[in-house]
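Input: a single structure, listed below in structure tokens.
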Amino acid sequence: MTEDTSLSTELEDLFFLHANSTKQYLIKLSPTAISIAPYDAQQRNQTRFIAIDDVYGCLCMKSRKNAIQCHLTLYLYTTRKTRVCSTPITKQEKLRRLRQVLTYGKFNDFESNLNEMTKWHDCITNAIYLRRNLPRDIVMTKRDKRVLVFVNPASGAGKAYRLVMEHVIGVWSESEFNHHIVITEYAGHARDYVKTIQLADWSGIILASGDGLVFEVINGLMSRSDWQEALQLPIGHIPGGSGNAFITNIIRYSKQPIMSATKNFVVQAAVLAATHQVIPFDLSVIHTCDGQRLFSFLCVEWGIIADVDCDSEKYRFLGETRFTVEAIKRILHPRVYHGYIDYIPYEDADTIVDFHQISTHATTTDFHRDLLPLDEVIPTDSTTTKWRRINGPFAHVLITSKALISKDVVASAVSTLSDGYLTLQFIRSDGPTRKNLAKTFTRISDGSHFDYNFVEWMRIRAFRLVPNDTNGNLMVDGEKVAYGPIQGEILPGIGRCMGKLPNINRTSIDI
Ligand SMILES: Nc1ncnc2c1ncn2[C@@H]1O[C@H](COP(=O)(O)OP(=O)(O)OP(=O)(O)O)[C@@H](O)[C@H]1O
């Protein structure tokens, strides 16, 4: 990494790199980096740099070995290139959690050294805060507010609580991330809770859970009369469920590699939450045949994926593997889904719709730009309306607003968090269905199933899906809803999440 000389250095002083060492280092802090150079001028070519973007926390501690010295510990979460065994030339990007202890003892008494280190601590934490580039409203009113964290002890295989205690609390202590934990006591607890919170008391909401609690909280916030203000609270996610699509999409958007091991994935999400930026994400409004209006952040499933999602509930103890087990069963014994899909194609000009311009007195019914009442037939004459119709029968129907619907299912590879459209994909059941489904499920882990011409897909703005049967599975964000006609419409960029902008020029460090 080359130093950006246009940025002024804010602090500099002499440190040891650990308590026993006698070798001194000149350490400089700038708004973007910390440089560590041997004090001996002849060794200055050994200068190393730590990007502030890689530092998630910094704490002052008394040295246990020397009564007057004070440690300044930097906590880092950084990109490193590691060699992949099978291919000696290729290097793979890995995220590593590291500590760098800087020892300070310039003064002859501990208090003076501590005062100096407190100044360094404040400057470094301020530099981290500024790199987060938070929206003005949050900077002005919420800097010292706590984040409200819901932990669902029933999530996934019942592991969310343990994961939080073992891997999240430590990261948040190191980053001095101000939070308040509520352990949910019953289904619907988080929804009830967010309906009555004082919005001004909190700087965001984090769900340590699966996607079910994310869905519940979004819908709780949308049911408030001040829903517009409520939606301004950024939502974060610690993966604790069997499906953790919300945080997976957030990390994918940041262009970080998504950690495969559960512990590493949880640490990755905890660091991201503690250093988050606020990023918009798309929601869609959904009407179900029993008169409910729901807000979806992820997908509407019909056909094989809905059956896999719903009928794998009995294998919940298997965690994420439950989906694979049920998928194999369903591919071997495929079903046919009769009905039709009406849709409005998405056009690039649609992106100009800005829901934040809706007046503060607007109700959520103002969202319905294209939807008709569910009992009214949609006219699909192409000369008079934008609506189009696709007739079944189908084997697979999926409508998504994000790229991934679970950690290893890339439903639509090009989608981001807020691109202003839904992606409709389907497979008709008039071909070799078993073979087509097997091929699709083999390649859906990276989204390349779209390369098959039997997987039809398109970008849409609104849809109505009408099954002919009266019984079956329809899922919204993994939650089962009433079976029957269902419709929805995209609400571009209306939500805010705790994410990270992709940092294309990000440089790894070497310490
Ligand atoms: N203490 C609790 N006891 C029982 N159910 C709870 C409790 N707290 C929350 N719930 C409910 O558990 C449901 C599922 O939650 P969550 O999404 O966190 O886990 P999951 O189902 O394992 O994950 P996924 O939805 O990804 O499969 C939610 O609808 C939520 O209301």
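To convert, note that position 103 of the sequence shown is 103 in full-length UniProt numbering; the numbers rise steadily by one, no gaps. Glycine is no exception: its CB is placed at the ideal position from the N, C-alpha and C atoms. Note that this is a predicted model, so its numbers are computed, not measured.
- Counting only the Cα atoms, Met-117 lies some 19 angstroms from Thr-22.
- Secondary structure of Ala-37 (DSSP, three-state): strand.
- Between Phe-297 and Val-214, the gap from beta carbon to beta carbon is short of 8 angstroms.
- Of the other Cβ atoms in all chains shown, fewer than 16 fall within 10 Å of the Cβ of Tyr-186; this residue is therefore exposed.
- Residue range 262 to 274 is occupied by the alpha helix (DSSP H) that includes Val-266.
- The three-state secondary structure of Tyr-452, taken from DSSP, is coil.
- The Cβ atoms of Cys-58 and Ile-279 lie no closer than 8 angstroms to each other.
- Here Leu-199 carries a helix assignment [DSSP, helix/strand/coil].
- Asp-375 carries a coil assignment under DSSP once its states are collapsed to helix, strand and coil.
- In this structure, Ala-270 sits away from Trp-202, with a CB-CB distance that is not shorter than 8 angstroms.
- In the DSSP assignment, Asn-126 falls within the alpha helix (DSSP H) that extends over 110 to 131.
- For Asp-311, the shortest separation between its Cβ and any heavy atom of ligand 1 does not lie below 7 angstroms.
- Sequence-distant partners of Gly-241 (beyond 5 residues in either direction) whose C-beta falls short of 8 angstroms from its own C-beta, in its chain, are Asn-152, Ser-155, Gly-156, Ala-160, Ser-209, Gly-210, Asp-211, Gly-212, Leu-213.
- By the Cβ-count criterion, Gly-495 is buried, with 16 or more other Cβ atoms from all chains shown falling within 10 Å of its own Cβ.
- The beta-carbon separation of Asn-249 and Lys-402, rounded to 4 angstroms, stays under the 8 angstroms limit for a contact.
- Counted as a single uninterrupted DSSP element, the beta strand (DSSP E) harbouring Ala-395 occupies residues 394 to 400.
- Contact check for Leu-465 against Ile-305 fails: the beta carbons are separated by 8 angstroms or more.
- Residue environment analysis places Asp-419 among the buried positions, since at least 16 neighbouring C-beta atoms fall within 10 angstroms of its C-beta.
- Closer than 7 angstroms to some heavy atom of ligand 1: that describes the Cβ of Asp-211.
- The beta carbons of Arg-146 and Asn-178 sit closer together than 8 angstroms.
- According to DSSP, Gly-105 shares a beta bridge with no other residue.
- Distance between Gln-425 and Ala-413, taken at the CA atoms: about 12 angstroms.
- As the crow flies, the alpha-carbon of Tyr-343 is around 13 angstroms from that of Leu-398.
- Rounded to the nearest angstrom, the gap between the Cα atoms of Ala-190 and Phe-16 is 48 angstroms.
- Here Lys-263 is exposed: its Cβ has fewer than 16 other Cβ atoms, across all protein chains shown, within 10 Å.
- Apart from the 5 residues on each side of it in sequence, Ser-429 sits with its Cβ closer than 7 angstroms to the Cβ of Val-336, Pro-393, Phe-394, Ala-395 in its chain, given in chain order.
- By DSSP's assignment, Lys-94 forms a beta bridge with Arg-80.
- Going by C-alpha positions, Ile-181 is about 25 angstroms away from Asn-126.
- For His-189, the three-state secondary structure derived from DSSP is helix.
- At a threshold of 7 angstroms, Asn-244 counts as near ligand 1, since its beta carbon sits closer than that to one of the ligand's heavy atoms.
- Of the residues assessed, Asp-282 falls on the buried side of the cut-off, its CB having 16 or more other CB atoms within 10 angstroms.
- In this structure, Gly-105 and Asn-115 do not form a Cβ contact; the two beta carbons are roughly 13 angstroms apart against a cut-off of 8 angstroms.
- If the five residues before and after Ile-138 are omitted, its C-beta is found closer than 7 angstroms to the C-beta atoms of Ser-203, Val-278, all from its own chain and listed in chain order.
- Short of 8 angstroms from the beta carbon of Cys-70, and not among the five residues preceding or following it, lie these beta carbons of its own chain, in chain order: Cys-60, Met-61, Lys-62, Ser-63, Thr-103, Tyr-104, Gly-105, Phe-110, Asn-113, Leu-114, Glu-116, Met-117.
- Glu-10 sits in coil when the DSSP states are folded into three classes, being neither helix nor strand.
- For Ala-157, there is no enclosing beta strand (DSSP E), since its DSSP letter is neither H nor E.
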